[in-house]
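In my numbering, the protein residues as written are 623 to 883.
Here you go:
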């Protein structure tokens, strides 16, 4: 027969390596084996299986008779999937993946069933967080060599990738970016060189030929600095070069008129 969870009490407590007290769940002075329930079937109701004083087996939660959570534990640790639901809809609300009690991944869903956010953990630390928009990954948060960064994606109305850009999370300085035509062909490409504190922006025609190349410097805002090059769409020849010094045009050269001259 199931017992009320309020009848359980901590017994045989010991300190772990971190100095925290770890206890077994006891019933009438002995480690409990069986099923304990919490709450009322007419409201929130939780059912948990125990073995030798530790949660072991299925854990089920209900709200007004509708499933609201599900999980499985082994010797007090969650394993496999741990799920929660919008009980009034029967729709998945969150999904967690465990391995030997260690959380590996978490996903959250909207009431419409679309993924809203996901988290990836490693060795107990959050290593990546992803936000979604209309079910598509939109913003990534992560670290590289201890440096926090974020990556932002944009989409066309049909869900095809339109742009992606990576930033430093601290000051939102852009490190690199790409944009695309609706066909998937590369449209622009931006790259920042941290050593020289300069950047290069390239644009492309729909046929894949280089359209322009522009160097930039920072002082502290972004300025045209270095060369600007314009290319012919017909044959890819260099058409014009203009040189800049922190936004000031210095000199320009006409190389071709794109008609063979």
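Every residue, glycine too, gets a C-beta built ideally from N, C-alpha and C.
738 is the residue among 781, 738, 745 whose C-alpha sits nearest the C-alpha of residue 762. For residue 659, the enclosing beta strand (DSSP E) covers residues 656-661. Just measuring C-alpha positions, the residue of 764, 858, 635 sitting nearest residue 740 is 764.
DSSP lists 820 as the bridge partner or partners of residue 815. For residue 680, the three-state secondary structure derived from DSSP is strand.
Note on the stretch 711-799: whole beta strand (DSSP E) runs with a minimum of 3 residues are 713-721, 724-731, 737-744, 747-755, 758-766, 769-777, 783-790, in chain order.
Taking 7 Å as the cut-off, the Cβ atoms of residue 851 and residue 880 do not count as close.
Distance between residue 831 and residue 813, taken at the CA atoms: about 18 Å.
Following the DSSP letters along the chain, one finds residue 700 inside the beta strand (DSSP E) bounded by residues 699-708.
Its Cα nearest to that of residue 627, the residue 647 stands out among 647, 690, 686.
At a Cβ-Cβ threshold of 7 Å, residue 733 and residue 707 do not count as neighbours.
DSSP lists 808 as the bridge partner or partners of residue 802. In terms of CA proximity to residue 632, 650 leads the group 650, 625, 624, 639. Going by beta carbons, residue 671 and residue 680 fall inside the 7 Å limit.
If you check the CB distance, residue 866 and residue 835 do not come in under 7 Å. Our two residues, residue 669 and residue 730, have alpha carbons roughly 23 Å apart in a direct line. When secondary structure is reduced to three states using DSSP, residue 664 falls in the coil class, being assigned neither helix nor strand. Considering only 783, 826, 640, 853, the residue with the shortest C-alpha distance to residue 863 is 853. Assignment of residue 831 by DSSP, reduced to helix, strand and coil, places it in the coil class. Counting along the chain, the unbroken beta strand (DSSP E) around residue 635 starts and ends at 631-637. The beta carbon of residue 702 sits closer than 6 Å to the beta carbons of 694 from its chain, once the five residues preceding and following it are set aside; these are given in chain order. As computed with DSSP, residue 856 is found in no beta bridge at all. Selection 721, 819, 804, 800 evaluated against residue 811 yields 800 as nearest (Cα-Cα). As computed with DSSP, residue 673 is found in a beta bridge with 676.
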